[in-house]
Structure formats: structure tokens, C-alpha cells
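Following: one structure in C-alpha cells, then a few remarks.
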Amino acid sequence: MIKLIALDLDGTLLNSEKKISEGNKNAIQLAKEKGVKVVLCSGRPLKGIKRYLEELNLLDEGDFSITYNGGLVQKNKTSEIVSQKTLSYHQIQELYELSQQLNIPMNMLDLEYVYEPAYPKNRESLYPSLMSASLPFVKKDINSFKEAHQFNKVVYCTPPDVLDDAIAKIPSAYFEKYSMMKSRPLLFEIMHPEVNKGKGIDSLCNILGYTKDEVMACGDEENDLAMLEYAGTAVVMENARDEVKEYASFVTKTNDEDGVAHAIQQFVL
Numbered sequence: 003m004i005k006l007i008a009l010d011l012d013g014t015l016l017n018s019e020k021k022i023s024e025g026n027k028n029a030i031q032l033a034k035e036k037g038v039k040v041v042l043c044s045g046r047p048l049k050g051i052k053r054y055l056e057e058l059n060l061l062d063e064g065d066f067s068i069t070y071n072g073g074l075v076q077k078n079k080t081s082e083i084v085s086q087k088t089l090s091y092h093q094i095q096e097l098y099e100l101s102q103q104l105n106i107p108m109n110m111l112d113l114e115y116v117y118e119p120a121y122p123k124n125r126e127s128l129y130p131s132l133m134s135a136s137l138p139f140v141k142k143d144i145n146s147f148k149e150a151h152q153f154n155k156v157v158y159c160t161p162p163d164v165l166d167d168a169i170a171k172i173p174s175a176y177f178e179k180y181s182m183m184k185s186r187p188l189l190f191e192i193m194h195p196e197v198n199k200g201k202g203i204d205s206l207c208n209i210l211g212y213t214k215d216e217v218m219a220c221g222d223e224e225n226d227l228a229m230l231e232y233a234g235t236a237v238v239m240e241n242a243r244d245e246v247k248e249y250a251s252f253v254t255k256t257n258d259e260d261g262v263a264h265a266i267q268q269f270v271l
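Residue numbers (my numbering): 3 to 271.
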């Protein structure tokens with residue numbers, strides 16, 4: 003029996019217009035009425051998904067979200083942090099040096115801001131166009147932070163061809179020291195080594211007393227693989243790449259065809 007539905011946003015719950023269809027809304031509401039927890043799992047901060055939580059009526063006392071790709075588990079109503087893993091200032095400095103070597107822009111996020119350290123010449127970050135008004139952007143020198151400052155994630159956001167070339171040049175040691183993954187063609191995300199969406203869901207399940215067999219996860223991208231591996235029912239969107247579909251126990255319709263609603267009907271309702 004499914005007790006928790008974990009939903010990725012872009013390419014999964016959201017259609018190509020970045021909206022939630024009425025079909026998906028209705029299916030989620032019916033699942034919630036059955037007592038099933040519906041949890042949005044995103045790389046975004048909680049402020050960046052609030053409007054979707056409001057649309058879906060997921061702001062009750064017992065509603066949770068998993069943000070920053072699993073680095074943060076929060077209560078939707080109060081923003082109270084239930085679980086969190088962060089990057090230290092020294093790690094940020096190391097990742098900034100790497101970005102300079104790769105000649106690509108870097109941004110880092112905490113709970114309140116997106117920081118813009120100096121970018122390489124003629125390599126402005128594309129991240130502001132993705133984040134819109136979720137968090138304010140602040141220009142700040144990389145060496146001006148206090149030692150105790152903690153960050154939720156780092157992003158390299160640049161045109162896909164430039165990004166892919168840069169990723170290929172990252173020494174393998176970095177992939178052992180950090181959790182690193184592409185979440186979109188132009189976006190590479192870096193978190194604490196113990197952070198991924200699967201571990202975020204596991205933290206929440208431990209709090210709620212659920213098992214992985216009682217979880218259905220829906221996703222479409224590389225940063226969803228850990229939660230697809232974790233969940234007893236792994237649902238992958240038809241619009242996902244073939245290598246992601248290899249992790250599926252069920253391939254649903256596309257994000258423009260109410261694929262989430264189709265999966266909920268199939269396994270929950």
C-alpha cells in the first residue's frame with residue numbers, strides 16, 4: 003500500500019508551461035483525501051515551491067517538502083527544518099577554485115540568498131533566469147563570508163555544451179567528496195556528499211514510520227535517480243531519457259499528458 007508519493011517538479015509534475023494541470027491537481031487531492039502523504043521533491047528552496055504547495059493544498063500541519071535535492075526536509079506550513087545537511091565555507095572555497103579552473107560561473111545558496119561571487123570573464127551565470135524570484139541574488143566576494151557560514155548547495159549554470167565540456171574535466175576525486183549531478187541540461191548541482199533525494203525521502207520516512215515499499219516516487223532526470231532507486235514503486239515519465247527509464251518499475255505518460263495523475267490512478271486510487 004502506497005503511503006507516500008514523492009514528486010519531482012520540472013519535467014514531472016509541471017508541464018512544459020511550468021504549470022500543474024487540473025488532472026494532476028485532482029489526482030493529488032484524491033490521494034491526500036485517502037491519507038496518502040504527497041511530498042514535493044525539488045532542487046529548489048522551499049520559497050521557490052510555495053506557490054505549488056498552495057495550488058495543491060499541501061500547507062497543512064502534517065505536510066512536508068524535500069528541497070535542495072534532499073539536503074533539506076521541512077514542514078510546509080511553518081518552514082521548520084526536520085533534517086538538513088550543508089556545505090561548509092571551506093568546501094565552498096574549494097568548489098569555487100574548481101569553477102575558476104573550469105572557466106565556468108558558480109553560485110551558492112543558503113536558506114535566504116543566492117550568492118554571486120566573481121564570474122569568469124564573459125561567462126555570466128544563467129542561474130538567475132532559472133530561479134526567477136525564488137530567492138534574492140546577492141553579489142559577494144568569495145572571501146568575505148564568516149568561517150561558520152553554511153550553504154545548502156552550489157550550482158554551475160551555463161550553456162549545455164560548455165557545461166558538459168566542464169563536467170568531463172572534473173577530477174574523479176570530487177565525485178567522491180561531494181554529491182554532484184545534472185538536474186537540467188544547463189545546470190550542475192553540488193551538495194554535501196550524503197545528500198540526494200533518496201536520502202531525503204528516507205529521513206522523512208524514518209520520522210513518519212514508513213518503509214520504502216510504501217513509497218511511490220515520480221521523476222524524469224538524473225537528480226531523481228536516488229529516489230527512484232529508493233522507492234518501492236519507481237515511476238518514470240515518458241519524456242525522460244532512456245538511461246533514467248532503466249530505473250523504472252513503471253513508465254507513465256509524459257508531463258504534458260498528466261503522467262503523474264496516470265501513475266496515481268494506477269497505484270494509489
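Don't be surprised by glycine CBs; every beta carbon is placed ideally from N, CA and C.
The straight-line gap separating the alpha-carbon atoms of residue 200 and residue 206 is approximately 10 Å. Within the region 139-167, the complete beta strand (DSSP E) segments at least 3 residues long are 139-141 and 155-159, listed from N- to C-terminus. Distance from the CA of residue 248 to the CA of residue 77, rounded to the nearest whole angstrom, comes to 32 Å.
Here residue 173 is exposed. Its C-beta has fewer than 16 other C-beta atoms within 10 Å.
Closest by C-alpha distance to residue 169, out of 55, 107 and 85, is 107. Residue pairing from DSSP places residue 218 in a beta bridge opposite 7 and 235.
In the DSSP assignment, residue 113 falls outside any alpha helix (DSSP H), carrying neither H nor E.
Assigned with DSSP and collapsed to three states, residue 101 falls in helix. Residue state for residue 246 is assigned as helix, using DSSP reduced to three classes. Annotated three-state conformation of residue 89 is strand, per DSSP. A distance below 7 Å separates the beta carbons of residue 185 and residue 223. Classified as exposed, residue 148 has fewer than 16 neighbouring CB atoms from the shown chains inside 10 Å of its CB. With respect to residue 51, residue 218 sits apart: the two C-beta atoms are not nearer than 7 Å.
Taking the Cβ atoms as the reference, residue 102 lies roughly 7 Å from residue 122, within the contact range of under 8 Å. Residue 260 and residue 13 have their C-alpha atoms spaced approximately 11 Å apart.
Taking all protein chains in view, the Cβ of residue 271 is surrounded by fewer than 16 other Cβ atoms within 10 Å, so the residue is classified as exposed.
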